[in-house]
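Numbering (UniProt numbering), first residue to last: 1 to 428. Glycine residues also receive a C-beta, built at the ideal position from the N, C-alpha and C atoms. Read the structure below first, then the notes.
This is the structure:
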């Protein structure tokens, strides 16, 4: 299964929907976040012949308009979660009556306050903007109500960003980790999000986002306002700030009419395309694992997700595009679909690579000094460019006698030290 199918516990929700505790391989690519393009990260490489499972007809039409093909509409996993955790006041309940699971009563806790989802970045692109100014605008608009700020783990792990909210006296949380390369998949992520959304009276953000659509689909009042901030090196194909505002101007106000917000949300999430359990088994190719749908297994617990990855790993992940940490602090409710030995070996290799690259950089600096002074080193010196990708060397820089540097790209070089590292991940 492509590792992105596990993001936010999506594959686990779909498996639970048909009666499985653990998800089999999904034979295709499952959209894991909302955007104004084809639903997938820009630059995602797809294997030929495998379908791209998107949330909605709207997303599929945007893809076709861009000349892209191979899409199949299945509805957002969020809608399947709403079906599994049904309440009497969710707009999505009316769109899928195929389930026999009982509809539960609304939470006995009276919703109160506002939960804020600031626009977030990821390991490869950070958000630029003032969180303090944004919070000041939130306070001025929301008034004297309890405020919860939910940060994506990328920002939650940044003490500077987190403190801007904590120092202002608001409750700051994160729903957990997204997961990466089948590790650190927090299967309770969306369950926590649903719980938080249902216990707040309003959900607001400074951008049109999955969180706003999720809340509107769950029947909660939403608003989109405030400094939208900027994303580093944003992709024009995603439409930036302007495209959602042009398409849905009425969504961009302090309080969006409930009916309109629900209509937009269910259109973008695929409310009219939610599949029956039998159809999910068929579309995802799960016949070998399950003959017929069964009752859903128990939902994961809502134990707090913990602090997130340590800062020491953060810079490394950003340099590696967007690798989620393999050595994050223990998180209750987090599952890893790799065994402990594999994780340990992966971490050991990663640490070795980092240490060797650091040593290589120092060696290169020494070599440059020797060349400048005319001295001859006693042995070849490794440059940082000698790091290999996917197991194949990129380059070896050897300082020749006499102080000249030459490049050798041969895969076999007994005179140069080799450093092995994992191949670079695809984009999120």
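Cβ neighbours of residue i in the same chain (closer than 8 Å, five flanking residues each side left out)
i: residue 29; result: 2, 4, 5, 40, 44, 46, 50, 51, 52, 53
i: residue 22; result: 12, 15
i: residue 19; result: 277, 290, 293, 294, 295, 296, 297
i: residue 75; result: 55, 56, 269, 270, 271, 273, 274, 275
i: residue 260; result: 250, 251
i: residue 288; result: 24
i: residue 138; result: 114, 116, 147, 204, 226
i: residue 134; result: 118, 206, 226, 227, 229
Neighbourhood of residue i by C-beta, 6 Å cutoff - its chain only, sequence neighbours within 5 removed
i: residue 13; result: 77, 80, 81
i: residue 254; result: 141, 223, 225
i: residue 33; result: 210
i: residue 170; result: 147, 149
i: residue 286; result: 24
i: residue 68; result: 38
i: residue 267; result: 58
i: residue 143; result: none
Reduced DSSP secondary structure (H/G/I, E/B, other) of residue i
i: residue 205; result: strand
i: residue 198; result: helix
i: residue 289; result: coil
i: residue 186; result: strand
i: residue 379; result: Here residue 379 scores only 38 on pLDDT, less than 50, and its place in the model is too uncertain to base an answer on.
i: residue 171; result: strand
i: residue 119; result: coil
i: residue 52; result: strand
i: residue 224; result: strand
i: residue 127; result: strand
i: residue 256; result: coil
i: residue 74; result: coil
i: residue 68; result: coil
i: residue 141; result: helix
i: residue 109; result: coil
i: residue 81; result: helix
i: residue 18; result: helix
i: residue 149; result: strand
i: residue 269; result: helix
i: residue 30; result: strand
Residue from the options with nearest C-alpha to residue i
i: residue 48; options: 263, 61, 71, 220; result: 71
i: residue 227; options: 266, 210, 136, 164; result: 136
i: residue 164; options: 55, 142, 156, 132; result: 132
i: residue 218; options: 224, 210, 197; result: 197
i: residue 244; options: 207, 254, 280; result: 207
i: residue 269; options: 17, 8, 35; result: 35
i: residue 110; options: 290, 195, 302; result: 195
i: residue 430; options: 294, 220, 170, 277; result: Outside the displayed range of the chain (1 to 428) lies residue 430, so it cannot be described from this structure.
i: residue 127; options: 65, 241, 189; result: 241
i: residue 303; options: 160, 56, 281, 190; result: 190
i: residue 112; options: 87, 31, 203; result: 203
i: residue 85; options: 144, 266, 192, 259; result: 192
i: residue 158; options: 216, 114, 172; result: 172
i: residue 213; options: 256, 67, 151; result: 256
i: residue 152; options: 129, 134, 177, 160; result: 177
i: residue 280; options: 9, 27, 7; result: 27
i: residue 160; options: 143, 130, 138; result: 130
Residue i vs residue j beta-carbon contact at 8 Å
i: residue 119; j: residue 247; result: no
i: residue 224; j: residue 252; result: yes
i: residue 275; j: residue 264; result: no
i: residue 168; j: residue 301; result: no
i: residue 431; j: residue 56; result: Since the displayed the chain opens at 1 and closes at 428, residue 431 lies outside it and no answer follows.
i: residue 114; j: residue 145; result: yes
i: residue 66; j: residue 38; result: yes
i: residue 60; j: residue 116; result: no
Heavy atom of the ligand GTP within 7 Å of residue i beta-carbon
i: residue 223; result: Because no ligand of any kind appears in the structure shown, any question about the ligand GTP cannot be addressed here.
Cβ of residue i within 8 Å of any chain C Cβ
i: residue 80; result: This model lacks chain C altogether, as it is built from one protein chain only.
Close beta carbons around residue i, own chain, < 7 Å, minus the five adjacent residues each side
i: residue 335; result: The predicted model places residue 335 with a pLDDT of 37, which falls under 50 and marks its position as unreliable; any figure quoted below should be read in that light. Closer than 7 Å at Cβ, skipping near neighbours: 185, 187.
i: residue 166; result: 172
i: residue 258; result: 221
i: residue 215; result: 197, 203, 222
i: residue 10; result: 30, 32, 77
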